[in-house]
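>
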Amino acid sequence: MERRIIRIDEERCTGCALCIPNCPEGAIQIIEGKARLVGDLLCDGLGACIGHCPEGAITIETREAEAYDERKVVAGIVRQGPAVLRAHLEHLRSHGQRAYLGEALAYLAESGVPIPAGFTDSQRPAGHPLRAAQSGGCPGSRIMNFNGAAACTDPPGPEARPSRLGQWPVQLELVPPEAPFLDGADVLVAADCVPFAYAGFHERLLRGKVCLVGCPKLDDAERHLEKLAAMFERNDVRSVTTAYMEVPCCFGMVKLVEEAIARSGKRIPLETRKLGVKGEPMGWS
66 MERRIIRIDE
76 ERCTGCALCI
86 PNCPEGAIQI
96 IEGKARLVGD
106 LLCDGLGACI
116 GHCPEGAITI
126 ETREAEAYDE
136 RKVVAGIVRQ
146 GPAVLRAHLE
156 HLRSHGQRAY
166 LGEALAYLAE
176 SGVPIPAGFT
186 DSQRPAGHPL
196 RAAQSGGCPG
206 SRIMNFNGAA
216 ACTDPPGPEA
226 RPSRLGQWPV
236 QLELVPPEAP
246 FLDGADVLVA
256 ADCVPFAYAG
266 FHERLLRGKV
276 CLVGCPKLDD
286 AERHLEKLAA
296 MFERNDVRSV
306 TTAYMEVPCC
316 FGMVKLVEEA
326 IARSGKRIPL
336 ETRKLGVKGE
346 PMGWS
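Okay, so the sequence shown: first residue is 66 according to our numbering, each after it adds one.
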C-alpha cells in the first residue's frame with residue numbers, strides 16, 4: 066500500500082541516536098553506526114522523531130510500504146515498560162489517531178496489561194473526541210488553549226496596518242524557481258504556522274522580503290529542498306531569513322534552507338527567527 070513513512074538519509078545521519086528515544090514504536094535502530102528504519106510495519110508515519118534529529122536526516126515521504134501494525138507495535142512497547150507505553154499512547158492521542166489508539170487499548174485489555182490512567186474506556190465514551198494530550202506525544206500536534214487570546218478586545222489602532230506582502234503566490238509548492246520577484250530579493254522562508262502565531266509577522270518579518278511558505282513536517286521535504294536549491298542557484302538572492310516555530314518538527318525548515326544554500330554553491334547570508342507557540346520571539350527581538 067502507498068502511505069506516509071519516514072525516510073533516513075544515511076549520508077547525513079551521524080549515528081547520534083537522538084531519534085531512538087523519540088520513536089517508542091521501535092521503528093528505528095542504530096545499525097553499523099547509522100539510524101535505520103528496521104521495519105515498515107513499525108512506523109506510523111506521524112514523524113515524532115523528525116524534530117529530534119540535529120542533522121535533518123529524517124523526513125517524511127509517501128511510498129509503497131507495508132501496512133502499519135499497531136498490535137505488533139504495542140506488543141513490543143509493553144516489554145519496554147509503562148513509561149514508554151504511556152508515551153506511545155500519548156503520541157497516538159495527540160495526533161488524533163483514534164483507530165490506532167483503540168487497537169492499542171484493545172490489545173492491552175485482551176493481554177491483561179494495566180492501561181495507563183487517562184486512557185481507560187470509561188474515560189473515553191463512545192463517540193466522544195479524544196482528549197488533548199497534556200504531556201508526551203508530539204509537541205507540534207498537542208492541543209493548547211491560550212486563555213483570553215481569542216477574546217482580545219484591544220483596539221487595533223487609529224487605522225488598519227497594510228499588508229506587507231509584495232508577491233503572489235506564497236506557497237513554496239506553487240512558486241517556480243524562475244519567478245522574476247526572486248532575483249535580487251531578500252527572501253523569507255516561513256513555516257506556515259508562523260504568520261498565525263506571530264502578530265508582528267508583516268512588520269517585523271515580511272516587510273521588504275519575498276515570502277515562501279511551507280511545512281517541513283507535512284509537505285514533501287525533498288521536493289522543497291530541490292526547489293529552494295534551484296531558486297538560490299538561478300537567482301541573485303541577497304539574503305535568506307528562516308522563520309520557524311519552537312516545536313521540534315519545525316526545525317526541519319532551517320535544515321532544508323541550509324542544505325538548499327549548500328547545494329546552490331553560493332554564499333548566501335542566512336538568519337533564523339524562532340517563535341514560541343504563543344507567538345513570542347525566542348532569542349531575538
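For every residue, glycine included, the Cβ atom is placed at its ideal position computed from N, Cα and C. For clarity, every value in this text was computed on a predicted model and none was experimentally measured.
Say whether the region 82 to 102 touches the region 122 to 142, bearing in mind that this needs 3 or more beta-carbon pairs closer than 8 Å, one atom from each stretch.
Touching, yes, given that three or more Cβ pairs across the two stretches are closer than 8 Å.
> Please list the segments of the beta strand (DSSP E) lying wholly inside the region 290 to 328, counting only runs of 3 or more residues, in order along the chain.
The region 290 to 328 contains these whole beta strand (DSSP E) runs: 304 to 310.
> In three-state terms, what does DSSP make of R69?
In this structure, R69 counts as strand in the three-state DSSP scheme.
> Do you know how far the Cα of I115 is from the Cα of I93?
Using only the alpha carbons, I get a separation of about 12 Å.
> Which one or two residues does DSSP pair with I93 in a beta bridge?
The partner list for I93 (beta bridge, DSSP) reads L102.
> State the Cα-Cα distance for the pair W233 and K274, rounded to the nearest angstrom.
Distance between the alpha carbons of W233 and K274: 12 Å.
> Taking the continuous alpha helix (DSSP H) assigned at I142, which residues delimit it?
Unbroken alpha helix (DSSP H) run through I142: 135 to 143.
> Who are the near neighbours of L157 in its chain, counting only those whose CB is closer than 6 Å to its CB and skipping five residues on each side?
Correct list, in chain order: Y165, L166.
> Could you give the distance in angstroms between the alpha-carbon of R332 and the alpha-carbon of V305?
Between R332 and V305, the C-alpha separation is close to 11 Å.
> Between which two residues does the alpha helix (DSSP H) containing A171 stretch?
Element bounds for A171: 163 to 176.
> Between the Cα of G231 and the Cα atoms of D251, P242, A262, which residue gives the shortest distance?
Checked all of D251, P242, A262; the closest Cα to G231 is D251.
> What number of angstroms, rounded off, separates the C-alpha of A148 from the C-alpha of A182?
Each residue's alpha carbon lies about 12 Å from the other.
> To the nearest angstrom, report how far apart Q199 and R144 are at their CA atoms.
With a pLDDT of 40 at Q199, under the threshold of 50, the modelled position of that residue is not reliable, and the figure given next carries that caveat. For Q199 and R144, the distance between alpha carbons rounds to 24 Å.
> Which residue's Cα is closest to the Cα of E243: D284, G344, D134, F297?
The candidate whose alpha carbon is nearest that of E243 is F297.
> Considering only residues of the same chain and omitting the five flanking positions on each side of A256, which have a CB-CB separation below 8 Å?
Result list for A256: V278, G279, C280, P281, A308, Y309, M310, C315, M318, in chain order.
> If contacts are defined as beta-carbon pairs under 8 Å, then G80 and I95 qualify, I think. What distance do you get, rounded to the angstrom?
Confirmed, about 6 Å.
> Report buried or exposed for E76, applying the criterion of at least 16 other Cβ atoms within 10 angstroms of its Cβ.
So E76 ends up on the exposed side.
> Give the single residue among R128, H117, L83, L107 whose Cα lies nearest to the Cα of G141.
Checked all of R128, H117, L83, L107; the closest Cα to G141 is L107.
> How many Å lie between A294 and Q236 at the Cα?
Each residue's Cα considered, the two are about 16 Å apart.
> On the DSSP bridge assignment, give the partners of I51 in chain order.
There is no way to answer for residue 51, as the model of the chain reaches only from 66 to 350.
> Measure the Cβ-Cβ separation of I70 and A130 and say whether it is below 8 Å.
It is a contact, given that the beta carbons lie within the stated cut-off.
> Given G104, which residues of its chain have a CB within under 8 Å of its CB, disregarding the five upstream and five downstream residues?
Answer for G104: A92, E131, listed in chain order.
> Rounded to a whole number of angstroms, what is the C-alpha to C-alpha distance between E324 and L335?
About 12 Å.
> Roughly how many angstroms lie between the CA atoms of E345 and E168, to the nearest whole one?
E345 and E168: Cα-Cα distance of roughly 39 Å.
> By how many angstroms is the C-alpha of D284 removed from the C-alpha of R272?
If you take the alpha carbons of R272 and D284, they lie about 25 Å apart.
> Could you tell me the distance, in whole angstroms, from the CA atom of E126 to the CA atom of H289?
About 12 Å.
> Determine, using beta carbons only, whether E90 and D109 come nearer to each other than 8 Å.
It is a contact, given that the beta carbons lie within the stated cut-off.
> Report buried or exposed for K343, applying the criterion of at least 16 other Cβ atoms within 10 angstroms of its Cβ.
Exposed: under 16 other Cβ atoms inside 10 Å.
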